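Enquirer: Handing you a structure now.
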Amino acid sequence: MGQNNKLDKNNIENFMSLTSLQQGMLFHYISDEESNMYHEQLSLTLRGGLKLELLQRAWQFVIDSNEMLRTIFRWKEIEKPIQVVLKRHEVPINYLDFTNEADKEGLIKQVKLKDLNNRIDITRETLRIYLCKIGESTHEMIISNHHILYDGWSNGIILKEVMEVYGYLYEGKEPKRINKTKFSQFIKYLDSINKEEEKKYWSNYLGGLDGKDDYFNCKEVGVHKEISYKIDDIKANKIKDFSKENKVLLSSILYGAWGVLLQKFNNSNEVLFGTTVSGRPEDISSIDKMVGLFINTIPLRVKSDEKTTLIGLINFLDKSLNERKGFENTSLIDIKEYCGLKVKEEFFNSIVTIENYPLDLNSNKESILSVEDFSIIEQTNYNMALEILTFDGIEFKFNFNTLSINESIVRKIGVYLERIIESLLINPYVTVENIELLSEDEKNEILYEFNDTKVGYPKDKTIHELFEAQVERAPNNIAVVFEDKKLTYRELNERANSLAMVLRGNG
1 MGQNNKLDKN NIENFMSLTS LQQGMLFHYI SDEESNMYHE QLSLTLRGGL KLELLQRAWQ
61 FVIDSNEMLR TIFRWKEIEK PIQVVLKRHE VPINYLDFTN EADKEGLIKQ VKLKDLNNRI
121 DITRETLRIY LCKIGESTHE MIISNHHILY DGWSNGIILK EVMEVYGYLY EGKEPKRINK
181 TKFSQFIKYL DSINKEEEKK YWSNYLGGLD GKDDYFNCKE VGVHKEISYK IDDIKANKIK
241 DFSKENKVLL SSILYGAWGV LLQKFNNSNE VLFGTTVSGR PEDISSIDKM VGLFINTIPL
301 RVKSDEKTTL IGLINFLDKS LNERKGFENT SLIDIKEYCG LKVKEEFFNS IVTIENYPLD
361 LNSNKESILS VEDFSIIEQT NYNMALEILT FDGIEFKFNF NTLSINESIV RKIGVYLERI
421 IESLLINPYV TVENIELLSE DEKNEILYEF NDTKVGYPKD KTIHELFEAQ VERAPNNIAV
481 VFEDKKLTYR ELNERANSLA MVLRGNG
């Protein structure tokens with residue numbers, strides 16, 4: 001990706017260094033010029049009176065008000081990468097009229113796919129906006145950006161401002177200019193953090209770590225797929241009530257459920273996974289109104305023994321989450337360094353993001369233009385990224401590497417998480433060790449059907465051919481277990497092939 005487009009010095013408002021997270025994203029961007037990692041795409045269904053000219057003006061007003069929507073990046077022929085805030089940056093709306101087309105949905109999918117396959121040039125682009133007309137008063141708006149600019153919370157801020165400004169313009173009123181805290185204040189805050197205190201906290205928190213998450217471990221990059229599982233509203237309300245009555249964060253319950261599931265899957269009493277935090281320090285004025293990349297991903301340790309109860313584990317997690325608040329802006333690179341790990345060494349293979357950012361779909365119902373529905377496509381470099389939506393019930397969204405885990409297992413994981421949470425509602429003092437993921441029917445299926453030696457198999461296949469077929473069908477399923485060691489079908493196959501080569505070499 002070139003940087004041939006020269007900057008107009010008169011159009012430069014500010015230069016800034018990059019945060020650690022931005023540096024990491026830029027590293028991925030530069031090292032793989034074919035990759036679309038961190039390309040984000042938000043789609044919204046708009047209903048009501050829409051005038052293209054007014055929407056364009058509303059967007060430009062919001063871009064003018066938020067410096068990160070006017071920010072591009074430079075790294076060639078300079079000592080350190082920088083982000084450049086432009087005084088003026090225009091983003092045209094790409095308008096497409098599909099009103100008279102039969103396959104409107106198919107055409108919109110094509111627009112989205114083409115956009116995702118067209119890499120964003122962060123040296124000159126900030127946003128891409130598409131507006132697809134699909135009815136007299138119905139439009140699909142697609143907003144595309146690189147994650148290096150802003151996070152999911154910012155989506156809600158941007159959308160709210162666009163809708164409010166559009167409302168003013170539609171009524172012939174002049175919108176009020178919003179004065180916002182500069183992103184450079186956040187960078188100064190990060191620079192002021194006491195590194196010694198950080199090191200002390202994280203070294204102590206992760207000291208003697210004896211467990212990770214090997215279940216989703218897979219170095220091969222496959223196609224990522226997304227599957228959703230929603231807990232019914234009655235049960236979701238009970239979970240939220242339990243959280244309030246027991247004075248624990250809802251996030252502590254949800255993190256605890258994922259931790260217990262990983263313990264069961266890894267056959268370990270201790271696991272580590274990533275958690276995405278908002279990263280917006282209260283010390284910065286009006287930071288909740290700012291657009292930018294504030295989020296951070298940091299490790300969460302879940303440990304238990306044979307006496308640990310589920311409520312005990314959740315209470316401990318709740319305490320841990322409160323204690324780490326002052327250290328949520330530590331970069332993952334620094335945390336690895338504090339723990340003696342190499343930068344490229346993976347800390348964990350799964351991350352959990354609990355989404356409660358203000359993408360309010362109901363606040364504009366009475367206005368001339370309202371948001372009826374939305375969807376987000378996010379790229380991830382983790383084998384399992386669990387997004388938990390809590391603003392409307394509780395919904396699990398699994399974004400997973402298909403080479404890392406079989407789709408059928410992912411579909412069951414939602415059920416297993418619900419069962420763990422049900423265990424908490426039924427008996428908070430159940431020990432983690434005694435929590436069952438499988439129903440009685442599933443146990444019987446495993447005991448009496450899967451172990452039925454009378455089940456037929458193709459008579460024209462040899463044993464090793466049947467095994468190879470199983471490797472291809474479910475490479476990451478557990479094949480053998482001995483004491484605390486496990487091998488997947490892929491690993492067992494690789495070892496068998498290595499042994500065969502040695503035997504052939506020895507005649």
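Using UniProt numbering, you'd call the opening residue of the sequence shown number 1 and step up by one each time. All C-beta atoms in this analysis are idealised placements derived from N, C-alpha and C, irrespective of residue type, glycine included. All values derive from a computational prediction rather than experimental measurement.
Evaluate Leu52 with the Cβ neighbour count: other Cβ atoms within 10 Å of its Cβ, from every protein chain shown; 16 or more gives buried, anything less gives exposed.
Expert: One-based indexing of the sequence shown puts residue 52 at position 52. Classification for Leu52: exposed.
Enquirer: From the DSSP output, in three-state form, read off Asp151 for me.
Expert: As a working mapping, residue 151 is identified with position 151 in the sequence shown. Reduced to three states, the DSSP call for Asp151 is coil.
Enquirer: Can you tell me which of the three DSSP states Gln263 falls into?
Expert: Start at 1 with the first residue of the sequence shown, and residue 263 comes out as number 263. In the structure shown, Gln263 sits in a helix (DSSP, three-state: H, G or I).
Enquirer: How do the stretch 76-93 and the stretch 402-419 stand: do at least 3 beta-carbon pairs fall below 8 Å, yes or no?
Expert: No: the two stretches stay apart, fewer than three of their Cβ pairs being nearer than 8 Å.
Enquirer: Contact between the stretch 379-398 and the stretch 424-437 is defined here as three or more beta-carbon pairs at a separation below 8 Å; is this criterion met?
Expert: no
Enquirer: Assign Val248 to buried or exposed, taking buried as 16 or more other Cβ atoms, counted over all protein chains shown, within 10 Å of its Cβ.
Expert: Position 248 of the sequence shown, counted from the first residue, corresponds to residue 248. Classification for Val248: buried.
Enquirer: Identify the continuous beta strand (DSSP E) that holds Val85 and give its terminal residues.
Expert: The residue labelled residue 85 in the question sits at position 85 within the sequence shown. Per DSSP, Val85 is one residue of the beta strand (DSSP E) stretching across 82-86.
Enquirer: State the DSSP-derived secondary structure class of Gly274, mapped to helix, strand or coil.
Expert: As a working note, residue 274 is residue 274 in the sequence shown. Note: Gly274 maps to strand in three-state DSSP.
Enquirer: On the DSSP bridge assignment, give the partners of Gln41 in chain order.
Expert: Within the sequence shown, the letter at position 41 stands for residue 41. Answer is Ser144, Ile377.
Enquirer: Give a yes or no on whether the C-beta atoms belonging to Tyr150 and Ile158 are separated by under 9 Å.
Expert: Translated into positions along the sequence shown, residue 150 becomes position 150. Translated into positions along the sequence shown, residue 158 becomes position 158. The answer is yes: Cβ separation under 9 Å.
Enquirer: So what does DSSP say about Met290, is it helix, strand or coil?
Expert: Here residue 290 refers to the residue found at position 290 of the sequence shown. Looking at Met290 - three-state DSSP - the assignment turns out to be coil, as it is neither helix nor strand.
Enquirer: Quick one: residues in its chain with C-beta nearer than 7 Å to the C-beta of Ser252, no 5 flanking neighbours on either side, listed in chain order?
Expert: Along the sequence shown, read from residue 1 onward, the residue named residue 252 stands at position 252. Excluding sequence neighbours, Ser252 sits near Ile314, Leu317, Asp318, Leu321.
Enquirer: Just the C-alpha distance for Asn36 and Ser144, rounded to the nearest angstrom, thanks.
Expert: Along the sequence shown, one-based indexing puts residue 36 at 36. Along the sequence shown, one-based indexing puts residue 144 at 144. Approximately 12 Å, taken between the alpha carbons.
Enquirer: Can the beta-carbon of Leu369 be found closer than 9 Å to that of Tyr168?
Expert: Within the sequence shown, residue 369 is the residue found at index 369, counting from 1. Within the sequence shown, residue 168 is the residue found at index 168, counting from 1. Their beta carbons are not under 9 Å apart, which means Leu369 does not touch Tyr168 by this criterion.
Enquirer: Measuring CB atoms only, is the stretch 207-224 touching the stretch 400-407, in the sense that at least three cross pairs come out at less than 8 Å?
Expert: yes
Enquirer: Determine the DSSP secondary structure at Glu372, reduced to helix, strand or coil.
Expert: Looking up residue 372 in the sequence shown gives position 372. Strand at Glu372.
Enquirer: What separation, rounded to the nearest whole angstrom, lies between the Cα atoms of Ser350 and Asp232?
Expert: Sequence index remark: in the sequence shown, residue 350 carries index 350 (1-based). Sequence index remark: in the sequence shown, residue 232 carries index 232 (1-based). Cα to Cα, the separation comes out at about 25 Å.
Enquirer: Using a 10 Å radius around the Cβ and a threshold of 16 neighbouring Cβ atoms, would you call Asp115 buried or exposed?
Expert: In the sequence shown, counting from the first residue as 1, residue 115 sits at position 115. Asp115 comes out buried.
Enquirer: In whole angstroms, what is the alpha-carbon distance linking Pro92 and Leu21?
Expert: On the sequence shown, position 92 is the one that residue 92 refers to. On the sequence shown, position 21 is the one that residue 21 refers to. Cα-Cα distance, rounded: 29 Å.
Enquirer: Using a 10 Å radius around the Cβ and a threshold of 16 neighbouring Cβ atoms, would you call Leu113 buried or exposed?
Expert: Start at 1 with the first residue of the sequence shown, and residue 113 comes out as number 113. Counting of Cβ neighbours within 10 angstroms places Leu113 among the exposed residues, the total staying below 16.
Enquirer: Quick check: the Cα distance between Leu18 and Ser375, rounded to an integer number of angstroms?
Expert: Residue numbering aside, residue 18 sits at position 18 when the sequence shown is read from its first letter. Residue numbering aside, residue 375 sits at position 375 when the sequence shown is read from its first letter. Cα to Cα, the separation comes out at about 29 Å.
Enquirer: Are the Cβ atoms of Val277 and Gly259 separated by less than 9 Å?
Expert: As a position in the sequence shown, residue 277 is number 277, starting the count at 1. As a position in the sequence shown, residue 259 is number 259, starting the count at 1. For Val277 and Gly259, no; Cβs fall outside 9 Å.
Enquirer: Among the residues of its own chain, which have a CB less than 7 Å from the CB of Arg47, if the five just before and after it don't count?
Expert: Within the sequence shown, numbered from 1, the residue matching residue 47 stands at position 47. For Arg47, where only same-chain residues beyond five positions count, the Cβ hits under 7 Å are Ser137, Thr138, Ser370, Glu372.
Enquirer: Any idea what DSSP makes of Ser31, helix, strand or coil?
Expert: In the sequence shown, residue 31 corresponds to position 31, counting from 1. Reduced to three states, the DSSP call for Ser31 is helix.
Enquirer: At 3 residues or longer, what runs of the beta strand (DSSP E) sit wholly inside the stretch 92-179?
Expert: 93-97, 127-135, 138-146
Enquirer: Under a Cβ-count criterion, where at least 16 other Cβ atoms within 10 Å of its own Cβ denotes burial, should Asn66 be classed as buried or exposed?
Expert: Residue mapping note: residue 66 aligns to position 66 of the sequence shown, counting from 1. With 16 or more other Cβ atoms within 10 Å, it is buried.
Enquirer: I'd like to check one pair, Tyr201 with Phe396: are the Cβ atoms closer than 9 Å?
Expert: As a first step, residue 396 must be located in the sequence shown, where it is residue number 396. As a first step, residue 201 must be located in the sequence shown, where it is residue number 201. No, the Cβ-Cβ distance between Phe396 and Tyr201 is not below 9 Å.
Enquirer: Evaluate Ala102 with the Cβ neighbour count: other Cβ atoms within 10 Å of its Cβ, from every protein chain shown; 16 or more gives buried, anything less gives exposed.
Expert: By 1-based counting over the sequence shown, the position of residue 102 is 102. It is exposed - the Cβ of Ala102 has fewer than 16 other Cβ atoms within 10 Å.
Enquirer: Going by alpha carbons, who is nearest to Gln110 out of Glu125, Asn267, Tyr130, Asp121?
Expert: In the sequence shown, residue 110 corresponds to position 110, counting from 1. The shortest Cα separation from Gln110 among Glu125, Asn267, Tyr130, Asp121 belongs to Tyr130.
Enquirer: Rounded to whole angstroms, what's the CA-CA distance from Ile420 to Tyr338? Just pull it up for me.
Expert: Looking up residue 420 in the sequence shown gives position 420. Looking up residue 338 in the sequence shown gives position 338. Here the alpha carbon of Ile420 sits roughly 33 Å from the alpha carbon of Tyr338.
Enquirer: What do you reckon, are the CB atoms on Ile377 and Glu40 nearer than 9 Å?
Expert: Position 377 of the sequence shown, counting from 1, holds the residue named residue 377. Position 40 of the sequence shown, counting from 1, holds the residue named residue 40. Contact flag set, yes.
Enquirer: Do Asp305 and Asn269 come within 9 Å of each other at the CB atom, strictly closer than that value?
Expert: Translated into the one-based positions of the sequence shown, residue 269 becomes position 269. Translated into the one-based positions of the sequence shown, residue 305 becomes position 305. Yes, Cβ-Cβ distance for Asn269 and Asp305 is below 9 Å.
Enquirer: Return the first residue and the last residue of the alpha helix (DSSP H) that Val62 is part of.
Expert: For the purposes of this step, residue 62 is identified with residue 62 of the sequence shown, where counting begins at 1. Segment 52-65, the alpha helix (DSSP H) holding Val62.
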